[in-house]
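Shown next, in structure tokens, is the structure this report addresses.
2 protein chains.
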Amino acid sequence: KETYREISVAEFFAKNRELAGFSNPTRALYQTVRELVENALDATDTHSILPVISIRIAYDDELEAKYGNPRKWFRITVEDNGIGVPPTVIANAFGRVLFSSKYVIRQTRGMYGLGVKAAVLYGQMTAGRPVEVVSSMQESDYVYLRRLYIDVSKNEPKIVEKGQWRKKGRWHGTRVTITLEGDWPRARSRIIEYIKRTAVIAPYAEIYFETPDGEIYVFPRLTSKMPAPPKEAKPHPHGIDLDQMKMLIKRSNARTLLQLLSNELQSVGTIMARKFLEEIGLDPNMNPKKLDNDSLVKLVDSMKSYRFRAPKSDHLSPIGEELIKIGLKRMFKPEWVDALTRPPRAYQGHSFIVEVGIAYGGGIEARNEPLLLRYANKIPLLYEEREDVTYKVVSGINWKIYRVDFPAPLVVLVHIASTKIPYKGVGKESISEVPEIESEIRIAVQHVARKLRVYLGKKAREAEARRK
Amino acid sequence: KETYREISVAEFFAKNRELAGFSNPTRALYQTVRELVENALDATDTHSILPVISIRIAYDDELEAKYGNPRKWFRITVEDNGIGVPPTVIANAFGRVLFSSKYVIRQTRGMYGLGVKAAVLYGQMTAGRPVEVVSSMQESDYVYLRRLYIDVSKNEPKIVEKGQWRKKGRWHGTRVTITLEGDWPRARSRIIEYIKRTAVIAPYAEIYFETPDGEIYVFPRLTSKMPAPPKEAKPHPHGIDLDQMKMLIKRSNARTLLQLLSNELQSVGTIMARKFLEEIGLDPNMNPKKLDNDSLVKLVDSMKSYRFRAPKSDHLSPIGEELIKIGLKRMFKPEWVDALTRPPRAYQGHSFIVEVGIAYGGGIEARNEPLLLRYANKIPLLYEEREDVTYKVVSGINWKIYRVDFPAPLVVLVHIASTKIPYKGVGKESISEVPEIESEIRIAVQHVARKLRVYLGKKAREAEARRK
Ligand SMILES: Nc1ncnc2c1ncn2[C@@H]1O[C@H](COP(=O)(O)OP(=O)(O)OP(=O)(O)O)[C@@H](O)[C@H]1O
Ligand SMILES: Nc1ncnc2c1ncn2[C@@H]1O[C@H](COP(=O)(O)OP(=O)(O)OP(=O)(O)O)[C@@H](O)[C@H]1O
Ligand SMILES: [Mg+2]
Ligand SMILES: [Mg+2]
Numbered sequence: 182k183e184t185y186r187e188i189s190v191a192e193f194f195a196k197n198r199e200l201a202g203f204s205n206p207t208r209a210l211y212q213t214v215r216e217l218v219e220n221a222l223d224a225t226d227t228h229s230i231l232p233v234i235s236i237r238i239a240y241d242d243e244l245e246a247k248y249g250n251p252r253k254w255f256r257i258t259v260e261d262n263g264i265g266v267p268p269t270v271i272a273n274a275f276g277r278v279l280f281s282s283k284y285v286i287r288q289t290r291g292m293y294g295l296g297v298k299a300a301v302l303y304g305q306m307t308a309g310r311p312v313e314v315v316s317s318m319q320e321s322d323y324v325y326l327r328r329l330y331i332d333v334s335k336n337e338p339k340i341v342e343k344g345q346w347r348k349k350g351r352w353h354g355t356r357v358t359i360t361l362e363g364d365w366p367r368a369r370s371r372i373i374e375y376i377k378r379t380a381v382i383a384p385y386a387e388i389y390f391e392t393p394d395g396e397i398y399v400f401p402r403l404t405s406k407m408p409a410p411p412k413e414a415k416p417h418p419h420g421i422d423l424d425q426m427k428m429l430i431k432r433s434n435a436r437t438l439l440q441l442l443s444n445e446l447q448s449v450g451t452i453m454a455r456k457f458l459e460e461i462g463l464d465p466n467m468n469p470k471k472l473d474n475d476s477l478v479k480l481v482d483s484m485k486s487y488r489f490r491a492p493k494s495d496h497l498s499p500i501g502e503e504l505i506k507i508g509l510k511r512m513f514k515p516e517w518v519d520a521l522t523r524p525p526r527a528y529q530g531h532s533f534i535v536e537v538g539i540a541y542g543g544g545i546e547a548r549n550e551p552l553l554l555r556y557a558n559k560i561p562l563l564y565e566e567r568e569d570v571t572y573k574v575v576s577g578i579n580w581k582i583y584r585v586d587f588p589a590p591l592v593v594l595v596h597i598a599s600t601k602i603p604y605k606g607v608g609k610e611s612i613s614e615v616p617e618i619e620s621e622i623r624i625a626v627q628h629v630a631r632k633l634r635v636y637l638g639k640k641a642r643e644a645e646a647r648r649k
Numbered sequence: 182k183e184t185y186r187e188i189s190v191a192e193f194f195a196k197n198r199e200l201a202g203f204s205n206p207t208r209a210l211y212q213t214v215r216e217l218v219e220n221a222l223d224a225t226d227t228h229s230i231l232p233v234i235s236i237r238i239a240y241d242d243e244l245e246a247k248y249g250n251p252r253k254w255f256r257i258t259v260e261d262n263g264i265g266v267p268p269t270v271i272a273n274a275f276g277r278v279l280f281s282s283k284y285v286i287r288q289t290r291g292m293y294g295l296g297v298k299a300a301v302l303y304g305q306m307t308a309g310r311p312v313e314v315v316s317s318m319q320e321s322d323y324v325y326l327r328r329l330y331i332d333v334s335k336n337e338p339k340i341v342e343k344g345q346w347r348k349k350g351r352w353h354g355t356r357v358t359i360t361l362e363g364d365w366p367r368a369r370s371r372i373i374e375y376i377k378r379t380a381v382i383a384p385y386a387e388i389y390f391e392t393p394d395g396e397i398y399v400f401p402r403l404t405s406k407m408p409a410p411p412k413e414a415k416p417h418p419h420g421i422d423l424d425q426m427k428m429l430i431k432r433s434n435a436r437t438l439l440q441l442l443s444n445e446l447q448s449v450g451t452i453m454a455r456k457f458l459e460e461i462g463l464d465p466n467m468n469p470k471k472l473d474n475d476s477l478v479k480l481v482d483s484m485k486s487y488r489f490r491a492p493k494s495d496h497l498s499p500i501g502e503e504l505i506k507i508g509l510k511r512m513f514k515p516e517w518v519d520a521l522t523r524p525p526r527a528y529q530g531h532s533f534i535v536e537v538g539i540a541y542g543g544g545i546e547a548r549n550e551p552l553l554l555r556y557a558n559k560i561p562l563l564y565e566e567r568e569d570v571t572y573k574v575v576s577g578i579n580w581k582i583y584r585v586d587f588p589a590p591l592v593v594l595v596h597i598a599s600t601k602i603p604y605k606g607v608g609k610e611s612i613s614e615v616p617e618i619e620s621e622i623r624i625a626v627q628h629v630a631r632k633l634r635v636y637l638g639k640k641a642r643e644a645e646a647r648r649k
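Chains as they are written, first to last, in the working numbering: chain A, 182 to 649; chain B, 182 to 649.
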């Protein structure tokens, strides 16, 4: 009576595409722009390339002619000057759900191996069109073209066209075109806002955006100074679980348990490792591959609560106080601005850094609450604001004590950089209430708010003095 | 430089277990109870079996002795008298992520094929213990036992122990035991509340719950009257996408396009189907397997906006006004209670029914806002309240116009039954703001609130009369 079956992960995200942010044509248009732009930025600034990104959304006249229903078929093209995609990998990167180069411990915008595939699925399910990818790597003499669908039941790419040609000149990067059903009038303001907020914190990037109505937005490069790119990190003992530990032991050629811990994990020196192992009754000189299940559980469980040093954070790539201030000035022309980058912290073995920028007055319009600009790993988050831990903190602050009386012209920017952002969903719109992160955001906002209070106090006294 | 790889869906949900509700030992304990109880209820009331469910959470003394760290190792056992799991299916049902009997169009609590596997993964990654399943189907003479792990990299079950024995007596059902790290003191109140709220709307179920401290909660059966079980439905033309349509055509033996639409879809009669096909320029007599890609896109796209009848809803299984009132009376002993089950509606081709119950006064304590009891497909939702569409509606109501002045003793119960609940995440804690659903909730709450107003008006006049 019950029909038992297995489905592929492509079918899972096709059926439940609202989980990935594709709940309707308006959100789908927005999410597709996001997934493509975030991949383009990961392919550039993560690799010390000054980004040049062009985004074009156009009405697809051919589909309009075929299917009728004018103004709802779109072709989105995003091109970057990034590292490109190897020709042998293009099909899987764009046609296999859960295929990614970001499954390592490193701060990138992408993390799930799903983003662009969710957009490809939506395009093929609404417009019946394949994705088109054109790519060339820096050192390569060739440019490669692939048009493909996703075979949903098998979760495999189905290439319907391929090509390659010799490169003239030295272009490198990737150009992705997705055709889909969308709703430009409804999505327009959020898409423009998303691109603006991306440019605000990336003044080292050059961004071109062309809309279906032919409007062109240009965000020229303001500085060649880029934040140091993030680096890959080893797992931290507080964040490793049993299956990961088994993987680590399998792949490692460490000959003793002591070597395994001090070589394969970060923040674990040989002295501390020895002390720890002796405390939990395991022999530091034993062959780690000989650990039985119960000893493994004991090892991993004890590691989680042992006082190893906090994760190093030289691997993280914050925006930096300078760039935050430049960006806020460019966007708002405020009368006052300041920013703070906090020192690194950790939650569940993942390092993170909180940064806050506050801007006041000048060109900012007065509102009944702070205008909150949320960022996670340099991605602007525009939806699901009420559920975000950042909103919880910022709206929970009593701004009166900082001399801010609403309605007031106040902008608060919060950025969280981490090797693992604890999003609430795969659509990456809001961040969970992780206690360590919540407390860091509060400390950072209060710190910068106190500086605002000094300025507003001074301004009030000057106004008072002038009146006398 | 970039390492490209694929991961299995088991590895995806192991790495990102917070997406499924397993963010920490407190949430994990709660979520494991939920996943097991929801499966137990799906195996009983969905099949017209009066549920007898027993839930036991116990400290695992053996693990405490092995690993130390007292009071954090738990064994959760849930047993039901349901339809059981066929012996050839047990391993996949509990050991393969995205394996389910609920991938059909039918109102059930489960829908993703992930729930119990997420709990199994958490148990094996923290306590290093396999899940144990004991099951027997009604017509079978045997009881089957399986202990298994999930092979994370392959997304396959790994059976470590199997057994079977002849049934004495006529027991049928399933007993699942998961061993895991948890935090009972922090999870206790939510788990108890979850079980209470489950019992509130299922007075036909017998539920036993034993806590690690030996407390026993019993919810006896109050009535043998069960709601009619939900039925499987055919897809509705407004909710079918291109890949689903291709699947339908492949599996169907309809010889003409007209037959395909009127046989394979709900709410499409032959007259309407013919009219529709002629309007969009497709031949009703053509072989559906001969449709080219562009005609398919045109067919599916046009279907989405054509005025087919709303989905039938005899397949849905609401709680019903009687059971809602019985449940609210049992839980709160209010002075007034009423309920309403709305007629069926649809969003994106999925039928749904909204039900509301309101209770006032009596044993209800006065609060500063309504106590909101949210339910989706008979599952109580306890977390992420602020993000839920139901909260948005209920907190947006001006209760003064219904004579409710806060602090006030007011309980509002909202149930949404659907063939597809639009959850915000796979952890099933809150429902997205789908416009059709939001508007139905508002209409239903206002309707019952008006009846409350009549009662409170009468009560006020009587109090006034007594004073004179
Ligand atoms: N523009 C691009 N340039 C270079 N590589 C790219 C580009 N777009 C995608 N890729 C490659 O394809 C992979 C898959 O992209 P996809 O968006 O599906 O997942 P992801 O970015 O790794 O994670 P997420 O699901 O969080 O976005 C990336 O990991 C990257 O290796
Ligand atoms: N107690 C049970 N009695 C009978 N069958 C069960 C029981 N528990 C699980 N199953 C079977 O195992 C399958 C997998 O369960 P699982 O919880 O992983 O997914 P689901 O319930 O289908 O969906 P969801 O992820 O939304 O919970 C179910 O679809 C059901 O067929
Ligand atoms: Mg991506
Ligand atoms: Mg389930």
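Think of the CB as a built atom: it goes at the ideal place given N, C-alpha and C, for glycine as much as any other residue.
- With contacts defined by Cβ atoms closer than 8 Å, B:Ser448 and B:Leu463 do not form a contacting pair.
- For the segment 251 to 282 of chain B, the set of positions with a beta-carbon nearer than 8 Å to some beta-carbon of chain A reads Ile264, Pro267, Val270, Asn273, Ala274, Arg277, Leu279, Phe280, Ser281 and Ser282 in chain order.
- By the Cβ criterion, the segment 374 to 386 of chain A is in contact with the segment 501 to 508 of chain A, since at least three pairs of Cβ atoms, one from each stretch, lie closer than 8 Å.
- Remark: the C-beta of B:Glu187 is outside contact range of ligand 3, defined as less than 7 Å to any heavy atom.
- Put simply, the CB of A:Asn558 is far from chain B, with every gap to its CB atoms at 8 Å or more.
- Residues of the segment 451 to 483 of chain B with a C-beta atom less than 9 Å from some C-beta of chain A are Ile461, Asn474, Asp475, Leu477, Val478, Lys479, Val481, Asp482 and Ser483, listed in chain order.
- A Cβ-Cβ contact shorter than 8 Å links A:Tyr240 with A:Pro393.
- Fully enclosed alpha helix (DSSP H) runs of no fewer than 4 residues occupy 570 to 576 of the segment 510 to 576 of chain B, in order along the chain.
- Contact with chain A is absent for B:Arg290, since none of that chain's Cβ atoms lies less than 8 Å from the residue's Cβ.
- Shown in chain order are the residues whose CB sits closer than 6 Å to a heavy atom of ligand 3: A:Glu216, A:Glu219, A:Asn220, A:Gly291, A:Gly296 and A:Val297.
- Identification of chain A residues near B:Thr184 by a Cβ-Cβ cut-off of 7 Å yields Ser282 and Val285, ordered along the chain.
- Listed along chain A are Asp422, Leu423 and Asp424, each with a C-beta nearer than 8 Å to that of B:Met306.
- Between the beta-carbon of A:Arg277 and that of A:Glu337 there is about 6 Å, and that keeps the pair under the 8 Å contact cut.
- For A:Thr600, the closest of A:Lys640, A:Val535 and A:Ile582 by C-alpha to C-alpha distance is A:Val535.
- Residue nearest to B:Lys298 within the set B:Ala308, B:Lys456, B:Tyr325 and B:Ile331 is B:Ile331 (criterion: CA-CA distance).
- Closer than 7 Å to some heavy atom of ligand 2: that does not describe the Cβ of B:Ile331.
- The C-alpha of B:Asp495 lies about 8 Å from the C-alpha of B:Pro411.
- At a cut-off of 8 Å between beta-carbon atoms, B:Tyr248 makes contact with chain A.
- Around B:Ser204, the beta-carbon contacts reaching into chain A at under 7 Å are Ser613.
- Neighbours of A:Ala527 across chain B, judged by C-beta separation under 8 Å, do not exist; the nearest C-beta is about 15 Å away.
- Not one heavy atom of ligand 1 lies closer than 7 Å to the C-beta of A:Ser611.
- What A:Gly606 touches in chain B, judged by beta-carbon distance under 7 Å, is Leu200, Lys605 and Gly606, going in chain order.
- Sorting B:Gly543, B:Ala195 and B:Val481 by C-alpha distance to the C-alpha of B:Val592 places B:Gly543 at the top.
- B:Ile578 has a beta carbon lying at 8 Å or more from every beta carbon in chain A.
- A:Ala644 carries a helical assignment under DSSP once its states are collapsed to helix, strand and coil.
- Between A:Ser613 and B:Glu362 the beta-carbon gap is near 19 Å, outside 8 Å, which marks them as no contact.
- Taking C-alpha positions only, A:Ser443 is separated from A:Thr451 by approximately 6 Å.
- Using a C-beta cut-off of 8 Å, the segment 426 to 440 of chain A makes no contact with the segment 298 to 307 of chain A, since fewer than three inter-stretch Cβ pairs fall below that distance.
- Cβ-Cβ distances below 8 Å link B:Leu439 to Thr451, Ala454, Arg455, Leu458, Pro465 and Asn466 in the same chain, with the five nearest sequence neighbours on each side left out; the list follows chain order.
- For B:Ile461, no alpha helix (DSSP H) segment is defined, and its DSSP state is neither H nor E.
- Of the candidates A:Ile340, A:Asp586 and A:Val574, A:Val574 places its Cα closest to the Cα of A:Pro616.
- Under the Cβ criterion (8 Å, minimum of three pairs), the segment 258 to 266 of chain A counts as touching the segment 222 to 239 of chain A.
- Going by beta carbons, A:Pro232 and A:Glu387 fall inside the 8 Å limit.
- CA-to-CA, the gap between B:Pro524 and B:Asn579 works out to about 25 Å.
- Within 10 angstroms of the beta-carbon of A:Ser532 lie 16 or more other beta-carbons, which makes it buried.
- In this structure, B:Val333 and B:Ala191 form a Cβ contact; the two beta carbons are roughly 5 Å apart against a cut-off of 8 Å.
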